[in-house]
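So the protein sequences, as listed, match chains G and D. The first sequence begins at -19 in the numbering used here and counts up by one. The second sequence begins at 7 in the numbering used here and counts up by one. Note that CB positions come from ideal geometry on N, CA and C, so glycine has one too. All values derive from a computational prediction rather than experimental measurement.
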Amino acid sequence: MAATRLLILICCLLLSAAADARITPVLAPGWSELAPHQQQALAPLAEDWDGMSAVSRLKWIGISNRYEHLSADEQSRIQARMRDWARLDPDARRRARDRYRAMQALPAERRNNLHEEWERYQNLPPEGRRPQDATSAPRRPGDALQGQANIIR
Amino acid sequence: MSDLHRSPENDIDEAFGRHVAAYLSAGVHEVDDAVAARLRQARRLALAAHRPGRSVLLRVLACGRRALSIQPILRQTVALAAVVVLVGVGDYWSTSAMLAEIEEIDAAMLADELPIDAYLDSDFSAWLRQDSSS
């Protein structure tokens, strides 16, 4: 009896997952089904659109709905970047979003000057760009020996 | 009913009934098997028709028994339907929340003055953190 119930429960969960998979594409329209203003905002993605996942399409539709509220500069930046961004590895996009969140947590004066910071960073020699590893170089004389003494103990 | 309320018509009816019963009892041995079987069936039907209260009670009991046997199935069906609805609603809610967050971040990053390369460069992020903590 318990096995039957478990089987029925598993079937129902699979059914709901299948139903969800069927519902999402309905909510994620094809390129020809987009409104003209959405097609115009997402024009760089026209070629790739039908190969995108339903979740990606829904995300881009959301972005296209924000598009008309942006300034002309922001609109041109979005359009110039969206194709490369859409073609990026999902993992790279996830890491970039994590860095964006981290940068938003910086003090306001630094956050507002990120563009200048980026330029400063790019002008640095390659060795200057890499963050100093705190564990690789002892800060005070004797620190390294202290570390070895701890290991021996 | 007490004897005080008995009427002469009742006595005549009862006497007539006893005569008929005696006549039938005497003739029962002369009835062949097929007729006896038909009579038995007719008696059963007459008795069933004569006691409608009992048959309704039986029907009610039968319905009750059937309802009781259906109840666990109904309970399970409702529980499973609730599970399916909860899973669906939870999935829809979490997907919507995740989508809204990703949409907001992507729109902000793509429209930002800072190039996307700055967010793709892991060293820049670490350099910024180190630079702000030093």
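Quick one: Cα of E36 of chain D to Cα of A27 of chain D, how far? Cα-Cα distance, rounded: 15 Å.
May I ask which residues mark the beginning and end of the alpha helix (DSSP H) holding A23 of chain G? It is not in any alpha helix (DSSP H) - A23 of chain G carries neither H nor E in the DSSP assignment.
In angstroms, rounded to a whole number, what distance separates the CA positions of R72 of chain D and P78 of chain D? Using only the alpha carbons, I get a separation of about 11 Å.
Any 3 or more C-beta pairs closer than 8 Å across the region 96 to 103 of chain D and the region 21 to 32 of chain G: Because the criterion of three Cβ pairs below 8 Å is not met, the region 96 to 103 of chain D and the region 21 to 32 of chain G do not touch.
If we ignore side chains and look at the alpha-carbon of each, how far apart do P24 of chain G and V93 of chain D end up? When only Cα atoms are considered, P24 of chain G and V93 of chain D end up about 36 Å apart.
Members of the region 26 to 60 of chain G near chain D, C-beta cut-off 7 Å: Sequence-ordered contacts of the region 26 to 60 of chain G with chain D read V35, L38, K39, G42, I43, R46, L50, E54, R57, I58 [C-beta pairs closer than 7 Å].
CA-to-CA distance, L14 of chain G to E107 of chain G, given in whole angstroms: Computed Cα separation, rounded: 48 Å.
Boundaries (first-last residue) of the alpha helix (DSSP H) holding G10 of chain G: Unbroken run through G10 of chain G: none, as it is neither H nor E.
Return the CA-CA distance between Y51 of chain D and R65 of chain D, expressed in angstroms with no decimal places. For the sequence presented, residue 51 of chain D should be read as Leu rather than Tyr. Rounded to whole angstroms, L51 of chain D to R65 of chain D spans 17 Å at the Cα level.
Determine the extent of the alpha helix (DSSP H) in which V168 of chain D is found, giving its start and end residues. Nothing about residue 168 of chain D can be reported from this structure: the residues present for chain D run from 7 to 140 only.
Just tell me which of G:P105, G:N93, G:A21, G:Q102 has its CA closest to the CA of S56 of chain G. Comparing C-alpha distances from S56 of chain G to each of G:P105, G:N93, G:A21, G:Q102 shows the shortest one belongs to G:A21.
For L126 of chain D, return the contacting residues in chain G, with the cut-off set at a CB-CB distance below 7 Å. Those within 7 Å of L126 of chain D in chain G are A72, A76.
Using a cut-off of 7 Å between C-beta atoms, extract the partners of L14 of chain G located in chain D. Under the 7 Å cutoff, chain D gives no residues; its nearest Cβ is about 16 Å from L14 of chain G.
If I follow the unbroken alpha helix (DSSP H) through G31 of chain G, where does it start and stop? Membership of G31 of chain G in any alpha helix (DSSP H) is not indicated, and neither H nor E is assigned to it by DSSP.
Quick check: the Cα distance between L116 of chain D and P9 of chain G, rounded to an integer number of angstroms? Computed Cα separation, rounded: 23 Å.
Reduced DSSP secondary structure (H/G/I, E/B, other) of S131 of chain D: S131 of chain D falls in the helix class under three-state DSSP.
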